[in-house]
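**Q**
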Amino acid sequence: MRIEELYDIAASENIDIYSAALPKTHSVSVMDSDLNCFIGLDYSLIHSVAEEKRKLAHEIGHCVRGAFYNRHSKLDLISKHEYSADKWACENLLPKDDMLRAFELGLVEIWQLAEYFDVPEELVKKALWIHFDKEIL
Numbered sequence: 077m078r079i080e081e082l083y084d085i086a087a088s089e090n091i092d093i094y095s096a097a098l099p100k101t102h103s104v105s106v107m108d109s110d111l112n113c114f115i116g117l118d119y120s121l122i123h124s125v126a127e128e129k130r131k132l133a134h135e136i137g138h139c140v141r142g143a144f145y146n147r148h149s150k151l152d153l154i155s156k157h158e159y160s161a162d163k164w165a166c167e168n169l170l171p172k173d174d175m176l177r178a179f180e181l182g183l184v185e186i187w188q189l190a191e192y193f194d195v196p197e198e199l200v201k202k203a204l205w206i207h208f209d210k211e212i213l
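Note that my numbering numbers the sequence shown so that position 93 is 169, with each residue one more than the last.
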């Protein structure tokens, strides 16, 4: 998936994207009380298209899945919502069938897959766990 397609998805989902100074997180998503979603990206701290794709896809994942946590609730698990956002990013940037085709082409190293899909290696590792390793547990 190209970066432009992610911006198209955000637009079709009525998700507003803003440039913001976010020195600690580089990106953030929030949903207001009317269920409108907003994404902030600190473009000055995003140094590659691959990194922008990962951050944007993750934040869109929060929005489209409603994966937001309540920091005031002791019963809400942050990891559950982060996993949901990561899963959406992996399903859209590294679909399982596309990964299987890449394997058939001989692309089996993390760096090869990262280059092929134009995403950071960290996201390839998450996708491998989500699509393959987790299934055997």
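Where a beta carbon is used, it is the ideal one built from N, C-alpha and C, also for glycine.
This structure is a prediction, so every number in the text was calculated from the model and none was measured.
Less than 7 Å between C-beta atoms, sequence neighbours within five positions excluded: which residues of the same chain meet that for Tyr119?
**A** For the purposes of this step, residue 119 is taken as residue 43 along the sequence shown, with counting starting at 1. Closer than 7 Å at Cβ, skipping near neighbours: Ser95.
**Q** By the 10 Å Cβ neighbour count, where 16 or more other Cβ atoms means buried, how is Ile154 classified, buried or exposed?
**A** In the sequence shown, residue 154 corresponds to position 78, counting from 1. By the neighbour-count rule (16 or more Cβ atoms within 10 Å), Ile154 is not buried but exposed.
**Q** In the DSSP assignment, find the alpha helix (DSSP H) that holds Leu176 and state where it starts and stops.
**A** In the sequence shown, residue 176 corresponds to position 100, counting from 1. Lys172 to Glu180 is the extent of the alpha helix (DSSP H) around Leu176.
**Q** Have a look at the DSSP bridge pairing and note the partners of Ser103.
**A** As a working mapping, residue 103 is identified with position 27 in the sequence shown. Paired residues: Leu117.
**Q** Taking only three categories from DSSP, how would you classify Ser160?
**A** In the sequence shown, counting from the first residue as 1, residue 160 sits at position 84. If DSSP states are grouped into helix, strand and coil, Ser160 belongs with the helices.
**Q** Provide the residue span of the beta strand (DSSP E) that contains Tyr145, from first to last.
**A** For the purposes of this step, residue 145 is taken as residue 69 along the sequence shown, with counting starting at 1. Per DSSP, Tyr145 belongs to no beta strand (DSSP E) and is neither H nor E.
**Q** If you measure between the beta carbons of Ser105 and Ile115, is that distance less than 8 Å?
**A** In the sequence shown, residue 105 corresponds to position 29, counting from 1. In the sequence shown, residue 115 corresponds to position 39, counting from 1. Result yes, Cβ atoms of Ser105 and Ile115 sit closer than 8 Å.
**Q** Quick one: Cα of Trp205 to Cα of Glu198, how far?
**A** Numbered from 1 along the sequence shown, position 129 holds the residue referred to as residue 205. Numbered from 1 along the sequence shown, position 122 holds the residue referred to as residue 198. The straight-line gap from Cα to Cα measures roughly 11 Å.
**Q** Answer yes or no: do Cys139 and Glu89 have a C-beta to C-beta separation smaller than 8 Å?
**A** Taking the first residue of the sequence shown as position 1, residue 139 is located at position 63. Taking the first residue of the sequence shown as position 1, residue 89 is located at position 13. A contact, by the Cβ cut-off of 8 Å.
**Q** Give the DSSP-derived three-state secondary structure of Asp84 in the structure shown.
**A** Sequence index remark: in the sequence shown, residue 84 carries index 8 (1-based). Looking at Asp84 - three-state DSSP - the assignment turns out to be helix.
**Q** Under the three-state reduction of DSSP, which class applies to Glu95: helix, strand or coil?
**A** In the sequence shown, counting from the first residue as 1, residue 95 sits at position 19. The question names Glu, yet the displayed sequence has Ser at residue 95. Ser95 falls in the strand class under three-state DSSP.
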